Amino acid sequence: MDIGNLFCDNQKMDLSNIKLNNITQDEVFQLIVEKLFANPIFSGGALLSLAGFFWYFVDWAWSIGQRLFRERYFTSLELTNENMTYRWVVDHINKNSKWETRNLSVESTLDENETGVSTLKHKFIPGLGNHYFYYKNRVVYFERTRDKRNVMVLDERGSSLSKRMETVTLSTYGGSIEFWRQFLDDASKECLDAMDKGLTIHTNRSDYWEESGSPRRKRAMETVILADGVSESLHDDVKSFLTCASWYHDRGIPYRRGYLLYGPPGTGKSSFIAALASHFGYGIAMLSLTNKFLSDSDLNYLLNNAPTKCFIILEDIDAAFKNREKVENEENKNTVDSSITLSGLLNAIDGIASSEERILFMTTNYKEHLDSAIIRPGRIDFQVYLGHCKPEMIKKMFKRFYENVSEELINKFSEATSKFDKTFSPAELQKHLILYKDSPEAAIEHVNDLI
């Protein structure tokens, strides 16, 4: 065997004069090693390999040590966007940290101002990746990641929307459960305050709820002009229901309440519900039954998973369900068929699986078109007719539109409108008064425009 062929140039080993029977195998191995390390290429490569292994070991040891240290001395909080507090936390971090993050994502929404002009609003939030901020004199590390999976995301009132899965992991040295509880309370306070100051509107999109735009300005109950006693009776009934949950539970009665508001178009049915919700600090969840893609199971899911603290409204329910006894003599040509069945609606309202702690409003222009099963007691507990303006309603509305107006002008306008053979809805009167909002005299002078 010619060992000298293993090397080249001046590094070749000449073993031709070595008598193999006179040296041991260890001596041969030692000789080979000495020659190998005498080669600068080999020795340099070996040194680099050793250094690489050393740094790999150091990195591995550092990672293990860091993980053990964090597990021992750090507390962490993980949130996904399935949780309604997720957005509050992300906004709170970006708005209130001493040093705002420079890695941002943007969310753009289209809003309308009071004059109907559309404006594009941008909201910046911390982007994906690692950040840090200060909270109560502690450094809090913050990592935001996004998964490929889709999840149902809950908003502030619990309505859902399908979005990509996102996770936020917060960690800080020391800390406690109370520390994180205080952090979540602080993060949610601003949003909850905004919810209390505005009226949130939710609408259904097939089988899930979503918030419709930004919260609206709350409406005072006195701005909705109704016949004497109507507003007070509805207000008192809702107030009584909201304050007697234990009474229902103790007697085994399902804790839910149903209201039917019926009457001609433009009489303030939807407006009064919005004012009532504003007064009690509730939102509104509007459910359209005329959606042809909405099934009975979807309806049942929506009613049982409605946003929290919301009045559920089934508007113009006569458009979806006709009276079985009068279907052949239908006078309302504007009704449309719905994919929801009558039995599906009834089961969703008060079936064995229907939810409790719920306030449901139905509105219709044609009560006589409703199937009697829909409005029987237990499903509808309180019915209110909202009609055209009576003289006292006309006076209230005129006085509300014009500050410091004299009683003489109020009575004059009321008398002028009462001379016509027809009656007027609050919406018709409001349209007229808005047209002459700067002059009560002009509103009286042009009262014939109402005809």
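Each residue of the sequence shown is one higher than the one before, counting from 1 in this note's numbering.
The beta carbon of each residue, even a glycine, is placed where N, CA and C say it ideally should be.
Please read all numbers here as calculations on a predicted model, not as lab measurements.
### Query
Quick one: Cα of D449 to Cα of K431, how far?
As a position in the sequence shown, residue 449 is number 449, starting the count at 1. As a position in the sequence shown, residue 431 is number 431, starting the count at 1. Taking the straight line from one Cα to the other gives about 11 Å.
Q: Quick one: residues in its chain with C-beta nearer than 6 Å to the C-beta of S206, no 5 flanking neighbours on either side, listed in chain order?
A: Against the sequence shown, residue 206 aligns to sequence position 206. For S206, where only same-chain residues beyond five positions count, the Cβ hits under 6 Å are F293.
* To do: Could you tell me the boundaries of the beta strand (DSSP E) in which T364 lies?
  => Within the sequence shown, residue 364 is the residue found at index 364, counting from 1. Counting along the chain, the beta strand (DSSP E) containing T364 begins and ends at 358-364.
* Taking I394 as the reference, which of N300, S278, A443 has the closest Cα? -> Here the question's residue 394 lines up with position 394 in the sequence shown. Looking at the Cα atoms, A443 is the closest of the given residues.
field: Neighbour-count burial assignment, E166, 16 or more Cβ in a 10 Å radius
entry: The residue labelled residue 166 in the question sits at position 166 within the sequence shown. The residue in question, E166, is buried, as its Cβ has 16 or more Cβ neighbours within 10 Å.
Helix, strand or coil at G224 according to DSSP, with G and I counted as helix: Reading the sequence shown from its first residue, position 224 is the one you call residue 224. For the record, residue 224 in the displayed sequence is Val; it is not Gly. Three-state result, V224: coil.
* To do: Check whether the region 352-369 touches the region 391-411, taking contact to mean three or more Cβ pairs, one atom from each stretch, closer than 8 Å.
  => no
Nearer than 7 Å: is that true of the beta carbon of L226 relative to any heavy atom of the ligand HEM? The ligand HEM is not among the ligands present in this structure, which contains no ligands whatsoever.
Query raised in the report: Exposed or buried, which one is G65 when buried takes at least 16 other CB atoms within 10 Å?
Result: Residue mapping note: residue 65 aligns to position 65 of the sequence shown, counting from 1. By the neighbour-count rule (16 or more Cβ atoms within 10 Å), G65 is not buried but exposed.
- Task: Return yes when the Cβ of A319 is within less than 8 Å of the Cβ of I312, no when it is not.
- Result: Within the sequence shown, residue 312 is the residue found at index 312, counting from 1. Within the sequence shown, residue 319 is the residue found at index 319, counting from 1. Going by C-beta atoms, I312 is not nearer than 8 Å to A319.
message: On the DSSP letters alone, give me the boundaries of the alpha helix (DSSP H) that F280 sits inside.
response: Here residue 280 corresponds to residue number 280 of the sequence shown, with the count starting at 1. 269-280 is the extent of the alpha helix (DSSP H) around F280.
When burial is assigned at 16 or more other CB atoms within 10 Å of the CB, is D193 buried or exposed? By 1-based counting over the sequence shown, the position of residue 193 is 193. Exposed.
Inset, instruction - Give a yes or no on whether the C-beta atoms belonging to L386 and T223 are separated by under 8 Å. - result: Locating residue 386 in the sequence shown gives position 386, where the first residue counts as 1. Locating residue 223 in the sequence shown gives position 223, where the first residue counts as 1. Not in contact: L386 and T223 (Cβ atoms no closer than 8 Å).
**OP:** Could you round the C-beta distance between F420 and F398 to whole angstroms and report it? I think they count as a contact, below 8 Å.
**Re:** Indexing the sequence shown from 1 puts residue 420 at position 420. Indexing the sequence shown from 1 puts residue 398 at position 398. Incorrect: roughly 16 Å between the Cβ atoms, too far for contact.
What residues match up with Q383 in a beta bridge as DSSP calls it?
On the sequence shown, residue 383 is found 383 positions in, with the first residue counted as 1. Paired residues: L260.
- [ ] Hey, could you find the ends of the alpha helix (DSSP H) N83 is sitting in?
- [x] Position 83 of the sequence shown holds residue 83. Segment: none, N83 is in no alpha helix (DSSP H) and carries neither H nor E.
### Task
Report the three-state DSSP secondary structure of G378 (helix, strand or coil).
In the sequence shown, residue 378 corresponds to position 378, counting from 1. Note: G378 maps to coil in three-state DSSP.
### Where D147 sits in the DSSP three-state scheme
On the sequence shown, residue 147 is found 147 positions in, with the first residue counted as 1. In the structure shown, D147 sits in a strand (DSSP, three-state: E or B).
TODO: Determine the burial state of A51: buried for a count of at least 16 other Cβ atoms within 10 Å of its Cβ, exposed for fewer.
DONE: Locating residue 51 in the sequence shown gives position 51, counting from the first residue. Per the 10 Å Cβ criterion, exposed.
field: Inter-residue CB distance, I375 and V238 (contact presumed, cutoff 8 Å)
entry: The count along the sequence shown starts at 1 and reaches residue 375 at position 375. The count along the sequence shown starts at 1 and reaches residue 238 at position 238. Not really, about 18 Å apart at Cβ, beyond 8 Å.
**Straight-line gap, R138 to D59 (C-alpha atoms, nearest Å)** = The residue you call residue 138 lines up with position 138 of the sequence shown. The residue you call residue 59 lines up with position 59 of the sequence shown. In a straight line, the C-alpha of R138 is about 27 Å away from that of D59.
Requested in this report: Let me know if L68 comes out buried or exposed under the rule of 16 or more other beta-carbons within 10 Å of its beta-carbon.
Outcome: Position 68 of the sequence shown holds residue 68. With fewer than 16 other Cβ atoms within 10 Å, it is exposed.
**Study point:** For I201 and H446, the rounded distance between their alpha carbons
**Key:** Here residue 446 refers to the residue found at position 446 of the sequence shown. Here residue 201 refers to the residue found at position 201 of the sequence shown. Distance between the alpha carbons of H446 and I201 is about 37 Å.
Original post:
To the nearest angstrom, how far is it from the Cα of N130 to the Cα of G283?
Top reply: As a working mapping, residue 130 is identified with position 130 in the sequence shown. As a working mapping, residue 283 is identified with position 283 in the sequence shown. Roughly 36 Å separates the two Cα atoms.
Notebook entry, point to check: So, do the region 166-177 and the region 75-83 have three or more beta carbon pairs nearer to each other than 8 Å?
Noted result: yes
key: Exposed unless 16 or more other CB atoms sit within 10 angstroms - verdict on F53   = Within the sequence shown, the letter at position 53 stands for residue 53. When all chains shown are included, F53 counts as exposed.
Item to check | Beta carbon proximity, P254 to chain C, threshold 8 Å | outcome: This model lacks chain C altogether; it includes just one protein chain.
Quick check on F142: buried or exposed, where buried means 16 or more other Cβ atoms within 10 Å of its Cβ? As a working mapping, residue 142 is identified with position 142 in the sequence shown. Result: buried.
| request: Closer than 8 Å by C-beta to F272: which residues in its own chain qualify, once you throw out the five before and the five after it? Chain order, please. | output: On the sequence shown, position 272 is the one that residue 272 refers to. Hits under 8 Å: M221, V224, L226, S231, L234, L261, L386.
Notebook entry, point to check: By the 10 Å Cβ neighbour count, where 16 or more other Cβ atoms means buried, how is A245 classified, buried or exposed?
Noted result: Position 245 of the sequence shown, counted from the start, is the residue given in the question as residue 245. A245 is exposed by the Cβ-count criterion.
Top-ranked residue by Cα proximity to S355, from R251, R87, L299: The sequence position of residue 355 within the sequence shown is 355, counting from 1. Measuring from the Cα of S355, the nearest candidate turns out to be L299.
Q: Please classify P40: is it buried, with 16 or more other beta-carbons within 10 angstroms of its beta-carbon, or exposed?
A: For this step, residue 40 is matched to residue 40 along the sequence shown. Exposed, since its Cβ has fewer than 16 Cβ neighbours within 10 Å.
Practice problem: If I'm right that H302 touches W209 with Cβ under 8 Å, what's the distance once you round it to whole angstroms? | Solution: Indexing the sequence shown from 1 puts residue 302 at position 302. Indexing the sequence shown from 1 puts residue 209 at position 209. For the sequence presented, residue 302 should be read as Leu rather than His. So it is a contact: roughly 7 Å between Cβ atoms.
Which whole runs of the alpha helix (DSSP H) in the region 199-251 are 4 residues long or more, in chain order? 230-242, 245-250
Of the listed residues S439, S278, L345, P391, nearest to E403 (C-alpha basis): One-based indexing of the sequence shown puts residue 403 at position 403. When each option's Cα is compared against that of E403, the closest is S439.
* Does the beta-carbon of H249 have 16 or more other beta-carbons within 10 angstroms, so that it is buried, or is it exposed? -> Start at 1 with the first residue of the sequence shown, and residue 249 comes out as number 249. Label assigned to H249: exposed.
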